[in-house]
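Okay, so here's the structure we're looking at.
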Amino acid sequence: MTRSRRTASTSPAQRITAAIIEKLEQGTKPWVKPWRGVPVSRPLRSCGTPYRGMNTFWLWM
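In my numbering, the protein residues as written are 126 to 186.
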C-alpha cells in the first residue's frame, strides 16, 4: 500500500507563522487580548455568600 504525499500544500505551522508575521507587520500584537478580564474571586453560593475552606478549593478544581 502506497501513500500519496501532497507536496504543493503548506504545513499548518507555516500557515500559522505567516498569519502571525502578517499581523505583526500590520502593527497588531496577536498575543495581547483586546478586552479586560474580571478579577478572580472566590466562588459564590446562590445567595451571594462566598464558599469557605475546602469547598472553595474543590470548586476551583
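Where a beta carbon is used, it is the ideal one built from N, C-alpha and C, also for glycine.
Note that the coordinates shown come from a computational prediction; the quantities given were computed from them, not determined experimentally.
**Item:** Same chain, Cβ closer than 6 Å to Pro155, five either side skipped, listed in chain order
**Value:** Here residue 155 refers to the residue found at position 30 of the sequence shown. Once the five neighbours on either side are set aside, the close Cβ partners of Pro155 are Ile145, Lys148.
**Message:** By DSSP's criteria, Pro137 is part of a beta bridge. Which residues make up the other side?
**Reply:** For this step, residue 137 is matched to residue 12 along the sequence shown. Looking at the DSSP assignment, Pro137 forms no beta bridge with any residue, so it has no partner.
**Request:** Sort Thr135, Trp160, Thr181 by Cα distance to Arg170 and report the nearest one.
**Result:** Here residue 170 is taken as the residue at index 45 of the sequence shown, counted from 1. Checking every option, the nearest Cα to that of Arg170 belongs to Thr181.
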